[in-house]
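> Below you'll find the structure I mean.
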Amino acid sequence: MFMNLLFLLFRFHLVIATNSSFSAQPLCHDDERSALLLFKQSFVIAKFASRKPSAYPKAESWNQEGERSACCSWDGVECDKDTSHVIGLDLSSSFLFGSINSTNSLFNLVHLQKLNLSDNHFNYSQIPSAIGHLSRLTSLDLSMSAFFGQIPPEISTLSRLTFLDLSVNIYQYQQYTEWYTLRLLKLENPSLRSLVQNLTNLEELYLSDVNISSTVPDILTNLSALTSLGLQYCGLYGEFPSSIFLLPNLRFLNLRSNQELTGYFPKFLQSSPLELLSLSGTSFSGKLPDSIGNLNSLKWLRIEGCNFSGSIPPSIGNLTQLRVLNLGSNYFTGQIPPSLANLNQLIGLSLANNNFNSDIPSSLGNLTRLIDLDLYNNQLVGEIPSCLGNLTQLIQLVLCNNKFHGPIPQSIFELTNLMVLNLYGNDLSGTVEVEMFIKLKNLIQLQLGSRSNKLSLLANGHINATLPKFKLLALSSCNLSEFPEFLRYQDKLEALQLDGNNIHGHIPKWIWNPLCHEDESSALWQFKQSFSISEDASSDPSAYPKVNSWKLQGESNDCCLWDGVECHEGMGHVIGLDLSSSLLYGSINSNSSLFRLARLQRLHLADNDFNYSQIPSAIGNLSELRSLDLSSSSFNGQIPLEISMLTQLTSLDLSFNPLKLHKPSLRTLVQNLTRISELSLSNVSISSEIPDVLANLPSLTTILLKYCGLHGEFPIGIFHLPKLQVLSVRFNQNLTGYLPEFHQSGPVKILKLAGTSFSGLDLSSSFLYGSINSNSSLFRLIHLQRLHLADNDFNYSQIPPAIGNLFELRSLNLFSSLFSGQIPLEISMLTQLTSLNLSFNPLKLHKPSLGTLVQNLTRISELSPSDVSISSAVPDVLANLPSLTSILLKNCGLHGEFPIGIFHLPKLQVFSIPFNQNLTGYLPEFHQGSPLKILKLAGTNFSVSMAKFHLWQAYRNSLL
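Numbering (mature numbering (1 follows the signal peptide of the UniProt record, and there is no 0)), first residue to last: -17 to -1, 1 to 943.
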C-alpha cells in the first residue's frame, strides 16, 4: 500500500511537471552552490565543536556532483520557491570547527534571510564585519559558537532583523576544582543603544553572556514588537527602565545575574502577556505589587537573590499557570499566603532564606505536582504538617533552620521519590527509627538534628542491606551513643556529620581505615597464585616481584597495604592495581580472579610476560576502569570487543604486544570511549584506515599509533583536537595526508610522521619539493619540540626567520634539504635546542657568526653545520657548552688556531673537523677517562704527535 502511494505521488509530480506552461526553475544557482561548497571547505568537522546531543554534520551531505548536487535540497539549506535563491542556511549544531572572516564565501549569499550557525566552534574569531552585506537578514543566530571580540557595528544596519541571538559565546575552564567562565563577546562600540536603535522590527533579542557593562537604554521601550529579551550575565548596572515590563508583546524577560542592576516592579496591566520573568541575582528592590496577580499568563517567576521586602500579596494566587516560583533570599516577612494553594501547576516552590514567621498552610498539600519544595532558613513555626505526604512527586524537601516542633509525620516516610530530605536545625522531637527510611530507596541526602536535642535516632544493625545508599548523611544532635553499625555498609557515602551526639568509646577502625574487603583480598591472593616469578619476564632493570610482599597472615594481611594495591580511602574497595614490571610469568583467562575486582579504576600490568595468552573478554567486567595499561606484556591475538565497552577509560595502552585490531576495528574500539585522553596502540596490527571518529574525542591529549600498518588518508580533523599535545603515527608507510593550517595557540608539542607518506610537510626523506617562507603555517606550531625536514628539496629557499617562533624546539634537522643563503639569527634564540643539524646545504654562517649562533644554545648536545660556509676561526664559546657530545664541522672554511679547551668538554664523544685546510692546532694530553670515541682531523693543519695519537687510539680500542 505504501509503495503504491509513493508511485501515485510520483506520477502526479510528473503530470504537474510536464503540463506546466512555465519553464522549470534551476535547482540551484551555480554561484550560490559554489559559495556554499567553499564555505563547507573552510571548516573541518569535529565532534567537540557542538555540544547539543542532537548535533550532526549537516554539511557532509553536500556534494558538487551527482544526485545531491542541487543545493536547494541540501541539509540546512532553504531556497525561495520562485527564484531558487538561497534564503535560509541553518547549520546549527553541525560540528563545524574553524575561523571565519570577511572574505568567506558565506557573505556572497546576498539573498539570505535566515542564518543560523549556533552551537559550532569558530575558534575565537571575530564576527566578520561582512555580516552587513547580508542586508535581507530577518533572523541571525550566532549563539554558543565561540566568537570573540567586539560585536561589529554592521549588525546594527540589518534593519529587517526580527530575531538576533549572540548569546553564550563563552570559554569555560577548570582551575583545581572550580569552574570559571570568560565572556568572549563585548558590546562597547557599538553600545547596546547603538546596536538596537535601527532594529525596530526586533521581536527576539538574546545577548546573555555578552560583556555590555552599561546601563539599559530607554530606547528598548521603543521596540514595541519585542516578545523576548535575554540580557543575563551582561554586567548591566544602573536603574532598569520599568516601562520595559509593560511592552505590549513581551513574553520573556531574563535579567538574571546582573548584580549592579537596580529597579522596581511597575503596576502591571491586566493584559500583560509575560510568561517568563527572571531577575535572580540583581539588586531589584521594593514590594511585590498587588498587580503581580495580573500576570495571569506567567509560568516562570524567579526573583531569588534580590532585595525585595514586605509580605507576599494574596493576589499571587491568581497566577494559576505558574510552574516555577522562586522568591528565595530576599527580605519577605509575614505569613505564607494560603492562596499559593491555587497554583496547582507548580513543580518548583522556593521561599528559602526570608523571614516568614507563620506555619505551613495545610492547603499546600494540594500542590500535588511539586517536585521541589524549599523553605529553609525562615522563622516558620508549628508542626510539620502531615499533608506534605500528599506531595508524592517530591524529589527535594528542605525545611531546615526554622522553628518547627513536634515529631516528624509518618507521611514523610511515604514519599518514595525523595532524593533530598533536610529537616536539620528545628526543634523536632520524638524517635526516628532507621527502618523508617527503607521505602525511600532514592534518598541520597539526609539531614536530621534538633536544636533542642529532643530528636532521637535508633539504628539497628540487621537492616543494613535495605537502607538507601546515602552520599550525604548529617545526624547532628540525634542522641546517638555509639557509631551506627549501618554506616559501615554505606559505600557511597561522601560526607558524614555526627556532631552534637553522646557518642563515647573508641572510634571504629572502619571509619578511618577500612580493611580490605575479604572477597577482594581472596581474589588478589588467587591472582598471585596463578603466576610464577621469572627474572626474564620484565625488561625494566628496576623490576621486582611486588606480589612477594602479599601475605594472608600477620600484620600485612590487609590487602590495602600490599605493594601495588590501592584502596578507596573511605570504603576499602580495591580501586587500583599496579603490577607493572613485577616479573610475572604465566597465562591469564576469563576465569581469573582478577575480574572479580569490580571496583577497579586503574589496572597496570605492563612489562610482564603473559605467555602469549589473549586479553580475556572478562576485562569488560571491570566497568569502572579509568586507566588500563597492558603494554609490553606478551599478550597475543585479537583485542577483545569488551574493551570498547569500558566507557570510563581515560588512558588505554596496549602497545608493543603481538596483538591484532581487526574485529573490533579501531573505529569500534574507540567510538564509545568518549573520555579517552591517552591512546597508545603502537606495534599493534591494525591494518586499516584511521577512522574519523578519533576527531570526535575532545579529551585526547596523546595518540601513539607507530608501526600499526595504517593506510589511507589521515583525517585532518584529528589535528584540531583541542587538547592534543602528542601525535605519533611513524612508520605507517601507506598512511597519507597533509598538515592543516595550525593556529598559534594550538596545543601540539610533539608531532612524529617519519616513515609515512604524508605530503605538504613530513619528516626526513619525504620527497618534498618547493620553497618555504615565514608565512608558512608550520611556524604556528609554537609548541613543536622536534622538527626534522632532512633529505628534501626546498628549492634553494632561505631558512625563514619565523623559525624563531618555534621557541620550544629541542631538535632541528634540516640536513641535505637544499636550503641556501644566510642562516638566520633567529636560530640562535632557540635556547631549548639540544640537537642542530644544518649540514650539506649551500648555507652561509657569516652574520651571525658561529660564535653568535651557539652562544645562547647552552643545552646543545649535537652540533652539525658540516659543508656550511663559515669562513672564520672556531670560537672559544664552544668550550663553554658542557652538554656537547658531537661536533661535526667538516669542510666549513675554518681557519686560525683551534681552541684546545674544546677537547676537554666532559661529554664530547664525536669530533669531526676534516677538510678545513687553514685550521691549525694540536692534540692535548688525553686522560684515561676521556669520553672521546671518534676524532677526525684529515685535511687540516693540525700538528699531531703520532705517538700521542696512537696512544689515544689504543685507549679507545680497549673500550670497544
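Virtual Cβ for every residue (Gly too), placed ideally from N, Cα, C.
(1) What are the boundary residues of the alpha helix (DSSP H) that includes A506?
(2) Quick check: does the Cβ of N106 come within less than 7 Å of any heavy atom belonging to the ligand COA?
(3) Is N103 near S33, with beta carbons less than 8 Å apart?
(4) Please state whether the Cβ-Cβ distance between Q96 and F131 is less than 8 Å.
(5) Nearest to G555 by CA position, among F78, N400, D590 and Q473, is which residue?
(6) To which residues of the same chain is N436 closer than 8 Å at the C-beta, ignoring the five residues directly before and after it?
(7) Output needed for F(-6): all residues of its chain with C-beta closer than 7 Å, excluding positions within five of it in sequence on either side, in chain order.
(8) Mind listing, in chain order, the continuous beta strand (DSSP E) runs of no fewer than 3 residues lying wholly within the region 737 to 814?
(9) As a quick exercise: from L329, D355 and A324, pick the residue whose alpha carbon is nearest that of P344.
(10) To the nearest angstrom, how far is the alpha carbon of K735 from that of L680?
(11) Considering only residues of the same chain and omitting the five flanking positions on each side of F925, which have a CB-CB separation below 8 Å?
(12) Whose CA, out of D612, I202, V557 and S333, lies closest to the CA of W283?
(13) Please report the straight-line C-alpha distance between F777 and Y721, rounded to a whole angstrom.
(14) Within 10 angstroms of the Cβ of Y779, are there 16 or more other Cβ atoms? Answer buried if so, exposed if not.
(15) Since W45 sits in a beta bridge, which residues does DSSP pair it with?
(16) Using DSSP's beta-bridge definition, name the partner residues of R650.
(17) Three or more C-beta pairs under 8 Å: does that hold for the region 111 to 123 against the region 30 to 47?
(18) Have a look at N336, I516 and N591 and flag the residue whose alpha-carbon is nearest the alpha-carbon of S292.
(19) Please report the straight-line C-alpha distance between I853 and Q781, rounded to a whole angstrom.
(20) Taking DSSP as the reference, what is the three-state secondary structure of S895?
(21) Distance check for F466 and P491, CA to CA, integer angstroms please.
(22) Tell me the DSSP secondary structure of D561 in three-state form.
(23) Just the C-alpha distance for I810 and D675, rounded to the nearest angstrom, thanks.
(24) Report the start-end ranges of each alpha helix (DSSP H) in the region 600 to 654 that is 4 residues or longer and not cut off at the edges.
(25) Look at S822 and S847 and say whether their C-beta atoms are less than 8 Å apart.
(26) Determine the closest residue to L458 out of L656, L219, A478 and L450, with distance taken between C-alpha atoms.
(27) By the three-class DSSP mapping on this structure, what secondary structure does D355 have?
(28) Under the three-state reduction of DSSP, which class applies to E468: helix, strand or coil?
(29) Would you mind working out which of I870, N87 and L19 sits nearest W57, comparing C-alpha positions?
(30) Determine which residues share a DSSP beta bridge with residue 959 and list them.
(31) Throw me the rounded Cβ distance for the Q379 and D355 pair, which I believe falls under 8 Å.
(32) Given that a residue counts as buried once 16 or more other Cβ atoms are within 10 Å of its Cβ, and exposed if not, what is Y154?
(33) By DSSP's criteria, F925 is part of a beta bridge. Which residues make up the other side?
(34) Taking only runs of the alpha helix (DSSP H) that begin and end inside the region 812 to 853, which ones reach a length of at least 4 residues, in chain order?
(35) Which two residues bound the contiguous alpha helix (DSSP H) that contains A18?
(36) Using three-state DSSP, classify H587 as helix, strand or coil.
In brief:
(1) E501 to Q512
(2) Annotation note on the ligand COA: not contained in the displayed structure, which lists no ligands.
(3) yes
(4) For Q96 and F131, no; Cβs fall outside 8 Å.
(5) Q473
(6) S460, N462 and G483
(7) Residue placement at F(-6) is poorly supported in this model, since its pLDDT is 32, which falls under 50; the coordinates still yield a value, given next. Once the five neighbours on either side are set aside, F(-6) has no close Cβ partner at all.
(8) 769 to 771 and 794 to 796
(9) The residue with the shortest Cα to Cα distance from P344 is A324.
(10) 20 Å
(11) F881, L902, T903, G904, Y905 and L906
(12) S333
(13) 17 Å
(14) Counting every other CB atom within 10 Å of its CB across the protein chains shown gives Y779 a total below 16, marking it as exposed.
(15) Answer is none; W45 lacks a bridge partner.
(16) Looking at the DSSP assignment, R650 forms no beta bridge with any residue, so it has no partner.
(17) no
(18) It is N336 whose Cα lies nearest to the Cα of S292.
(19) 16 Å
(20) strand
(21) 8 Å
(22) strand
(23) 37 Å
(24) 649 to 653
(25) yes
(26) A478
(27) strand
(28) helix
(29) L19
(30) Residue 959 cannot be examined here, being either before or after the span of the chain that is shown, -17 to 943.
(31) Beta-carbon to beta-carbon, Q379 and D355 are separated by about 5 Å, close enough to satisfy the 8 Å threshold.
(32) exposed
(33) G904, per the DSSP bridge assignment.
(34) 833 to 837
(35) D13 to Q24
(36) strand
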